[in-house]
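Working notes for the structure below.
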Ligand SMILES: Nc1ncnc2c1ncn2[C@@H]1O[C@H](COP(=O)(O)OP(=O)(O)OP(=O)(O)O)[C@@H](O)[C@H]1O
Ligand SMILES: Nc1ncnc2c1ncn2[C@@H]1O[C@H](COP(=O)(O)OP(=O)(O)OP(=O)(O)O)[C@@H](O)[C@H]1O
Ligand SMILES: [Mg+2]
Ligand SMILES: [Mg+2]
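In structure tokens:
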């Protein structure tokens, strides 16, 4: 009973509009960044979630008056490498590997860039408890573990401790470990009797394997009541599987990332819950951490970007069609202005 | 043909038997879950889009051309449908003819370039497909678009006959149409002569160019139909969906050409090939194998099936 | 040929001119960043793997076979190399011959099935490729494996001549070898006859089966070399690396067949085609165009390039 | 009518008129423009200039493909226009746009109709047979029946129509030629006009009413068959006199260079034979007699069921023989199916000609190869622009000379010929005979399988006549005449022990 209450409490704590928490002390960003430059290499410019963050970073940098470019690419590691060399050859100060451009894919280029005096940072890549990969200078992390816990807690709370879940993960993404830890920890602590099965589907195979896998599992385990795709883009392939198996009434979907189309699916009723992050906030936080690195400030690991649980109850706050930066309030905008001392 | 009627029948229905054998095997291992009608209705309902893409491919393949762009036609049409329907609120009765025309137009472009410039269809359709992908990303702003009207989903996967989503019946209807076209119309014969002996076709008075063009247009339309159904199945459109259907569809088309009418691309063979592969994947999933086993099965089954089919037919050299 | 020497030369070097025109265009727009030696050395160095995959493809293509499995050979070899080197600490001098042998073995399997069972190579290599993907996921547990010994990276991309990573020179060396093989050895002629006049070749004493087998083995080895270089370039192996390379490599192989030696797959044409396409993509990135423009460019350039090449040659019918 | 291909003027102001109910011969050397004229009529090529009138009505050119039928034209093209992978029935109805309902093919009715049709022409074919499984003769018959059927169909629409036969006879043995002529006469009586292309002057003299001769794309003249003789026609075709006399040198007695024992294949049963150095041995017989299997088996193109070849002291097991082994033993095989087995049409003349002498070459000297090819082309009088041309750009006769050159340059001791002059004009034929004779003069032996008795009379020292896979007669020396070969072929009773 305690477990269920804990779960409900945790959900409640993340259901409202989040508060701004300053990640560090204020500093004069404009002055210190004046002659600095940052190149952002997004994991893929074709993924809107990441593209929006990169775009917003650019706009903030423009406001602060320093040079920021992004390396347009389609998620192909060869293109990331070209971006790394481009930065090293054109005198950038920081390369920001954003949201999944995994430096383990190109360690030698990281070293080469560092030798040329470029700092390499990973942003929005790993959970808090994971070390900076591949020798990068800094790693600004997200509380993925908490997101994992929230997904577990949601199902525990909704089923009253009778969760029987299918969890879809992709092991090759660095954030997966934290998310999975969070899920297992929460189930362990709040609902030891809950059942769940973790199935790994590599990202390249999402389009071909998720649907048949989910269909098969739904047949094999008639008591399933939740499917938890840990990245919400997986839901495109999960929801038809549930519909074709004829289980739309008994099997729900809880997921993480706050991608707009999935928020729209909450409104349609095909997805029950999605944990979101504010992309604009992320842009602020990542840029903040990167500037601090260049301005000799304390390095930031915990970006303090908050999570919010979206359900049918609060989905109206994100707009229609959903906007990835809505539904989180705007206290953070002023908060960062104060931190960067850009208030006249 | 006559003298080896039994072998020939064995060859024709070999894949069907292998499929049944797989069903028996999985059934024996998990009779309670695998051998249920609900499981089969899931299997049949789930791959209607792949069936249609495969059917679309075999038309130009019969005429001797590759259409690699069909997957991107699917994606573009899916995206267009979602945008028109969900964002611009155009009624479906307008959207559907519009996107079908779009598919036909793309087929026309593929055909026109291939024919007028005499370029290999492989490279033309690869290029056009990539270009279409660019357009898809552009118009959809690289987003997944959801919020498609429930009506579409209703008429694609929610409605059922005998427990199977209605999309399956659309696919079967198309298979019947294409089967009729290939077997019982002059156009079907012209396609065959065009594909297997272009000069011969021309000498027998087939307007080879027009036939090839028509084949491209038809595969464009099939791609568009698949795109509409895809949108209806997922209730959304994402900019990469179709990409993953291309290779499985080719696999099914070539595997299908080993049965029913061995040596020719044929719709029923394709349908059997798709469901044979899907049944295997579904069975592995029901049995709880890890997902990489699906690849091992898929690749292994594909190769083994054609190998066995060739063994049965006495390793005949095939033109295709 | 003689009478239209100018057109013929134009046809041969057309793509090269278009490439130079693109460089001039991008250069005019961003002279400071695009027209730098370091930018070109980046382009040349980072796409060496794609060049090698394309070179690998043209060998079986010349012999009339498709090798769709080459991308998965790359991935499997990359994964095997990383695991042996980073996890099991096997010395590189052992790893490299081992994985080259693996590539050759896969080529042998492809060839053996295609030849013995007389199945279309498209379906065999598609099946084998999918199977290999399963194995890659299995042995690598679907993870990215990093921690490859610096020695490998040293000899792939850290070392440079004239600022260009050494991998580029490996690719050029392979292009020279294959060019030599195709143009100056009897084996090259045998490959050609195997692809374009199989029966004629056979009756002239060409062991057609053995030639096709050799072509598959060679493309397997090329896939393995590409895999090793991929591991060396990125210092890691991930289970999806090769997937991105298959279609671009086919595009480059076919595009390359429109120049230098029009109508035939040829290594220098392939190299030019790869770098033409890559330069465009890189230029668009440098100019900061959104990514969908890259697709528009890629698809559009591909189709336009072959169209122009055909116009120049008077829309000659090509066998390929 | 005028038509130019690149620099080649294939047709130069050719004018031709065909009357109803006449058989009109179209003659000319290889590459003189006959096929081109026919392909213009069928809409396959668009002419540069020219006009066509049918029944007094002008027809716009180029005719859309498939429309020629509506004007009462039906064709048997030089390469027949059959799809080998399809069935007899599918081929029979291919292109029958006028009659078929495009929306519904009633296969049962069509099969019935085909059965009747095939029976009418006394062809032993089933509608569901696959064309690839038929013999060359059956294929030719099928193509002819198809065209005849179309013309007859057309009569229901009024005018009797024109049947165009582009070299239909090289595939046919004599008896079937006779059958074909019977068909032609029947059609002719019903008012159908027939254009008949052939390199066989005797056939032309036998069956035509008038003949038009083309040379270098120009019409040289039209001759009434009744008032023309052989020499006139040959002279008109070639532009000079050609002697077609028997030209066999006397052979000195010597031991056989090649001995074949107990050779069995698909048709052949335990056949043994031998040839001596310098000898040209002819093999002939009716279709299905198996004579044309011999070169295939001896060259390793197809593996024998049993048999050994003793060649110049070496013994070769024919059940294991591969083409490479045969080449190593200095055996050369010039196949009948030029387009598929003789040349690779997309590749250059150099590549085609030089393939067998590359060996294991690891450094090919292209300039040398090119010069060698040019040399070869000169020696074998291959008419072509340059050695770098694609082989497809050559006419059939020149392709054949190239193939001959490719093999004879190896200095083979055993030359295997299968229908070496199929579709070759009178002039080129003589050149080919000369080259073959040269190979003999160097001490090689030649085995020539052919169904042209006249050719054997001209070149063969000795002829073996086959029946049902066995040798049934042997003719030597002065017995080798067209008449005696024909007699041996058609008279069933005679039995000779061979060897
Ligand atoms: N498609 C083509 N392209 C270029 N030249 C051609 C083409 N077809 C025919 N020619 C040329 O036209 C000329 C006439 O060829 P055509 O085929 O009409 O000769 P033909 O009289 O039928 O010869 P044969 O007796 O060998 O059949 C030849 O010189 C040939 O080279
Ligand atoms: N594709 C082509 N390109 C250029 N020239 C060609 C082409 N095809 C044929 N020719 C030319 O056309 C002429 C006739 O070719 P075709 O094959 O029609 O000859 P043909 O008269 O039928 O010869 P044969 O009786 O030996 O078959 C040849 O001289 C050849 O050089
Ligand atoms: Mg001709
Ligand atoms: Mg000819």
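Protein chains in written order, with this note's numbering: chain S, 615 to 958; chain R, 14 to 333; chain C, 14 to 333; chain G, 24 to 522.
By construction, the Cβ of each residue, glycine as well, lies at the ideal position given by its N, Cα and C atoms.
Note that the structure is a prediction, hence the values are computed from the model and not measured.
DSSP state of residue 909 (chain S) mapped onto helix, strand, coil
It is coil, neither helix nor strand.
Quick check on residue 136 (chain C) - is its C-beta less than 8 Å from some C-beta in chain R?
Any Cβ of chain R closer than 8 Å to the Cβ of residue 136 (chain C) would place that residue at the interface, and such an atom is present.
Beta-carbon proximity list for residue 691 (chain S), same chain, < 6 Å, skipping 5 on both sides
If the five residues before and after residue 691 (chain S) are omitted, its C-beta is found closer than 6 Å to the C-beta atoms of 719, all from its own chain and listed in chain order.
Reduced DSSP category for residue 79 (chain G) - H, G, I as helix; E, B as strand; rest coil:
Three-state DSSP puts residue 79 (chain G) in coil, outside helix and strand.
Please decide whether residue 26 (chain G) counts as near chain R, where near means a Cβ-Cβ distance under 8 Å.
Chain R contact via Cβ: absent.
What does residue 661 (chain S) touch in chain R if you count any residue whose Cβ is under 9 Å from its own?
The answer, in chain order, is 155.
May I ask you to report which of helix, strand or coil DSSP gives residue 7 (chain G)?
Beyond the ends of chain G as shown, which are 24 and 522, falls residue 7 (chain G); an answer cannot be given.
With contact counted as at least three CB pairs below 8 Å, one residue from each stretch, are the segment 302–322 of chain G and the segment 432–449 of chain G in contact?
Counting Cβ pairs under 8 Å, three or more are found: they touch.
I'd like the list of long-range same chain contacts for residue 516 (chain G), defined as Cβ closer than 6 Å, with 5 residues on each side in sequence excluded.
The predicted position of residue 516 (chain G) is uncertain, since its pLDDT is 36 and thus under 50; a value taken from the coordinates is nonetheless stated next. Closer than 6 Å at the Cβ level, and outside the excluded window around residue 516 (chain G), lies no residue.
Residue 832 (chain S) to residue 132 (chain C), Cα distance in whole Å?
So the alpha carbons of these two residues sit roughly 37 Å apart.
Near-chain R residues of the segment 115–144 of chain G (beta-carbon distance less than 9 Å), N- to C-terminal order:
From the segment 115–144 of chain G, only 116, 117, 118, 119, 120, 123, 124, 125, 126, 127, 128, 129 and 130 have a Cβ closer than 9 Å to chain R.
Inter-residue Cα distance where the pair is residue 128 (chain G) and residue 112 (chain G)
Looking at the backbone, the Cα of residue 128 (chain G) and that of residue 112 (chain G) are separated by about 12 Å.
Which of the residues in the segment 871–887 of chain S, read from start to end, lie with their CB under 8 Å from any CB of chain R?
Of all residues in the segment 871–887 of chain S, 873, 874, 875, 876, 878, 879, 881, 882 and 884 have a Cβ within less than 8 Å of some Cβ in chain R.
Buried or exposed by the 16-neighbour rule on C-beta atoms within 10 Å, applied to residue 106 (chain R):
Taking every protein chain shown into account, the CB of residue 106 (chain R) has fewer than 16 other CB atoms within 10 angstroms, so this residue is exposed.
Nearest-angstrom Cα distance between residue 34 (chain C) and residue 64 (chain C)?
Computed Cα separation, rounded: 21 Å.
Where residue 278 (chain R) falls, given that 16 or more other Cβ within 10 Å makes a residue buried
Label assigned to residue 278 (chain R): buried.
Cβ-based neighbour list, residue 70 (chain R), same chain, cut-off 7 Å, excluding 5 preceding and 5 following:
So the qualifying residues of the chain are 80, 83, 232, 262, 263 and 266.
Residues that residue 69 (chain R) contacts on chain C, provided the C-beta gap is smaller than 7 Å
What residue 69 (chain R) touches in chain C: nothing, since even the nearest Cβ is about 17 Å away.
Going along chain S, which residues have a C-beta under 9 Å from residue 307 (chain R)?
Contact annotation for residue 307 (chain R) against chain S: 819, 822, 823, 826 and 827 [CB-CB distance below 9 Å, chain order].
By how many angstroms is the C-alpha of residue 222 (chain R) removed from the C-alpha of residue 143 (chain G)?
Roughly 35 Å separates the two Cα atoms.
Below 8 Å on the Cβ atoms is my guess for residue 250 (chain R) versus residue 153 (chain R); work out the distance and round it to an integer in Å.
Confirmed, about 7 Å.
Is the shortest distance between the beta-carbon of residue 720 (chain S) and the beta-carbons of chain C less than 8 Å?
Under the Cβ criterion of 8 Å, residue 720 (chain S) is counted among the residues facing chain C.
Outcome for residue 992 (chain S) when other beta-carbon atoms lying within 10 angstroms are tallied against a minimum of 16:
Because residue 992 (chain S) is not part of the residues shown, which for chain S are 615 to 958, the question remains open.
Considering residue 753 (chain S), what are the terminal residues of the alpha helix (DSSP H) in which it resides?
That residue, residue 753 (chain S), is in no alpha helix (DSSP H); its beta strand (DSSP E) goes 752–756.
Cross-chain neighbours of residue 31 (chain C) in chain R, by beta carbon under 9 Å
Within 9 Å Cβ-Cβ: nothing; residue 31 (chain C) doesn't reach chain R, min ~14 Å.
Among S:639, S:894 and S:777, which residue has its Cα nearest to the Cα of residue 838 (chain S)?
Check the Cα spacing between residue 838 (chain S) and each of S:639, S:894 and S:777: the tightest is with S:777.
For residue 266 (chain C), which residues in chain G fall below 7 Å Cβ to Cβ?
Under the 7 Å cutoff, chain G gives no residues; its nearest Cβ is about 18 Å from residue 266 (chain C).
Beta-carbon separation (whole angstroms), residue 57 (chain G) vs residue 64 (chain G), contact threshold 8 Å:
In this structure residue 57 (chain G) does not touch residue 64 (chain G) by the C-beta definition: roughly 11 Å separates them, more than the 8 Å allowed.
Where residue 354 (chain G) falls: helix, strand or coil (DSSP):
Three-state result, residue 354 (chain G): strand.
Counting only beta-carbon separations shorter than 8 Å, does residue 685 (chain S) have a partner in chain C?
It does; some Cβ of chain C falls within 8 Å.
Under 8 Å between C-beta atoms, does residue 435 (chain G) make it to chain C?
By this cut-off, residue 435 (chain G) is not an interface position.
For residue 201 (chain C), which residues from the same chain have a beta carbon less than 7 Å from its beta carbon, with the 5 sequence-adjacent residues on both sides left out?
Hits under 7 Å: 194 and 195.
Does DSSP classify residue 791 (chain S) as helix, strand or coil?
If DSSP states are grouped into helix, strand and coil, residue 791 (chain S) belongs with the helices.
Residue closest to residue 878 (chain S), alpha-carbon to alpha-carbon, out of S:806, S:657, S:936 and S:722:
In terms of CA proximity to residue 878 (chain S), S:936 leads the group S:806, S:657, S:936 and S:722.
Please tell me whether residue 44 (chain C) has its Cβ less than 8 Å away from any Cβ of chain S.
Residue 44 (chain C) is outside the set of residues whose beta carbon lies under 8 Å from a beta carbon in chain S.
Per DSSP, what are the beta-bridge partners of residue 840 (chain S) in this structure?
S:779 and S:866, per the DSSP bridge assignment.
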